[in-house]
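A.B. asks: Please read through the structure below; I'll follow up with questions.
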Amino acid sequence: SYDRPSYGRPSFDKPTRIIKKKPATKKREDGLVRLNKFIANSGICSRREADEYITAGLVTVNGVIINQLGVRVNPADDIRFNGERLKGEEKVYIVMNKPKDFVTTLSDPNAEKTVMELVAGKCPQRVYPVGRLDKQTTGVLLLTNDGEMADKLTHPSYNRKKIYHVVLDKNLSKPHFDQILEGLELEDGEIHADSLSYVDEDNSQVGLEIHSGRNRVVRRIFEHLGYKVKRLDRVYFAGLTKKNLRRGQWRFLTENEVSMLKMGSYE
């Protein structure tokens, strides 16, 4: 007698599937995390900013400078940024009514006043601003130590509603009003407002709704048309407003607000 050959389903594809699965399983079980994710979760910056700090040679792991991206580390390692050891922190979320003359960039050594001074000593976790409002702009600013959330809200693909109150140096003409709604060409491409309305009788104040997250885009829209922005106040961002917050005041988000942020359940 002899062994009859099997004419069942070929099995040559099985090893391929097993080989593909093994590395993924190993990565999940080895406890290692990407260095940029660990840094972001420590509450000092977003993942993209962490990549910049890594390539600049500002991060060490167990005493060794790491300047290559994609490195995976053990959370128990001695991981330091600018010589200071990092550790995981409880995630916190703060909404602030940013006052004028405070900067939101943490990398400017010449900055006289930063928004971080307004929460210093009152929030035990290290938080940082999500996105940027320039020095003269006031209004809704989100601060957190949740690097994943910060990356999501500042990514170029994030096109959610932002509302601004704009005070101009002169009345906004009807032709320019219409042009802003229809679209105009800036140096970095076409832009248009989603909604625009006058908020006083002399037409020098407008409410503007826009989804773009481009740098200084609101100021550039009006400057392009020959206007000077005297005051710029953000009144809505990421589903949040500055209700009941005076200039310079802030509060922690409620559980419902945090859930709303994480789910993206807002315009």
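Position 14 of the sequence shown, counted from 1, bears residue number 26 in our numbering, the numbering being contiguous throughout. Ideal Cβ placement from N, Cα and C applies to all residues, glycine included.
Secondary structure at proline 141, three-state DSSP: helix, strand or coil?
C.D. replies: strand
A.B. asks: Looking at the unbroken beta strand (DSSP E) that takes in leucine 130, where does it start and where does it end?
C.D. replies: First-last for leucine 130: 128-131, but that is the alpha helix (DSSP H), not the beta strand (DSSP E).
A.B. asks: In or out: proline 141 buried (at least 16 other Cβ within 10 Å) or exposed?
C.D. replies: buried
A.B. asks: I'd like the ranges of any alpha helix (DSSP H) spanning at least 4 consecutive residues and lying wholly in the region 43-95.
C.D. replies: 47-53 and 59-67
A.B. asks: In the DSSP assignment, find the alpha helix (DSSP H) that holds glutamine 191 and state where it starts and stops.
C.D. replies: 186-194
A.B. asks: For aspartate 214, I'd like the list of residues in its chain whose CB is within less than 8 Å of its CB, leaving aside the five on either flank, ordered along the chain.
C.D. replies: Asn183
A.B. asks: On the premise that arginine 246 lies in contact with leucine 145, defined as a C-beta separation below 8 Å, what is that separation, rounded to the nearest angstrom?
C.D. replies: 6 Å
A.B. asks: Quick check on threonine 150: buried or exposed, where buried means 16 or more other Cβ atoms within 10 Å of its Cβ?
C.D. replies: buried
A.B. asks: Starting from the C-beta of lysine 99, find all residues in its chain whose C-beta is less than 8 Å away, skip the five residues before and the five after it, and write them out in chain order.
C.D. replies: Ser54
A.B. asks: Taking only the alpha-carbon atoms, compute the straight-line gap between isoleucine 56 and aspartate 113 and give it to the nearest angstrom.
C.D. replies: 23 Å
A.B. asks: For the alpha helix (DSSP H) that contains aspartate 245, what are its first and last residues?
C.D. replies: For aspartate 245, there is no enclosing alpha helix (DSSP H); the residue is part of the beta strand (DSSP E) that begins and ends at 241-249.
A.B. asks: Within a Cβ cutoff of 7 Å, which residues of the same chain sit near serine 58, ignoring the five residues on either side of it in sequence?
C.D. replies: Within the same chain, Ala52, Gly159, Ala162, Asp163 and Thr166 come within 7 Å of serine 58 by CB-CB distance, once the 5 residues on both sides are set aside.
A.B. asks: What distance in whole Å lies between the Cβ atoms of threonine 156 and isoleucine 106, which are believed to be in contact at a cut-off of 8 Å?
C.D. replies: 7 Å
A.B. asks: In its own chain, which residues sit with a C-beta less than 6 Å from the C-beta of aspartate 212, not counting the 5 before and 5 after it?
C.D. replies: none
A.B. asks: Just to confirm the assignment: which complete beta strand (DSSP E) runs, minimum length 3, are found wholly within the region 150-220?
C.D. replies: The beta strand (DSSP E) runs lying completely inside the region 150-220 and spanning 3 residues or more are 150-156, 174-180, 196-198, 201-203 and 207-210, given in chain order.
A.B. asks: Note down the Cα distance separating valine 71 from threonine 117, rounded to an integer number of angstroms.
C.D. replies: When rounded, the distance between both Cα atoms is 20 Å.
A.B. asks: Tell me whether glutamate 124 is buried or exposed, calling it buried when 16 or more other Cβ atoms sit within 10 Å of its Cβ.
C.D. replies: exposed
A.B. asks: Going along the chain, which residues of its own chain have a beta-carbon closer than 8 Å to the beta-carbon of lysine 274, five neighbours each way excluded?
C.D. replies: So the list reads Met161, once near-sequence residues are dropped.
A.B. asks: Thinking C-beta only, is serine 224 closer than 9 Å to leucine 180?
C.D. replies: no
A.B. asks: For the beta strand (DSSP E) holding arginine 263, just list the boundary residues, first then last.
C.D. replies: 262-264
A.B. asks: Relative to the C-alpha of arginine 259, which candidate in Pro136, Pro111 and Ser209 has its C-alpha closest?
C.D. replies: Pro111
A.B. asks: How would you call glutamate 280, buried or exposed, if buried means at least 16 neighbouring beta carbons within 10 angstroms?
C.D. replies: Since the first and last residues shown for the chain are 13 and 279, residue 280 lies out of range.
A.B. asks: Asparagine 109 and glutamine 261 - do their beta-carbons sit closer together than 9 Å?
C.D. replies: Closer than 9 Å, so yes.
A.B. asks: Using the three-state DSSP reduction, which class does valine 115 fall into: helix, strand or coil?
C.D. replies: strand
A.B. asks: Excluding the 5 residues flanking valine 127 on each side, which residues of the same chain have their C-beta closer than 8 Å to its C-beta?
C.D. replies: Listed in chain order, the non-local C-beta contacts of valine 127 below 8 Å within the same chain comprise Met108, Lys110, Phe114, Val115, Thr116, Pro141, Leu153 and Leu155, local neighbours out to five positions each way being set aside.
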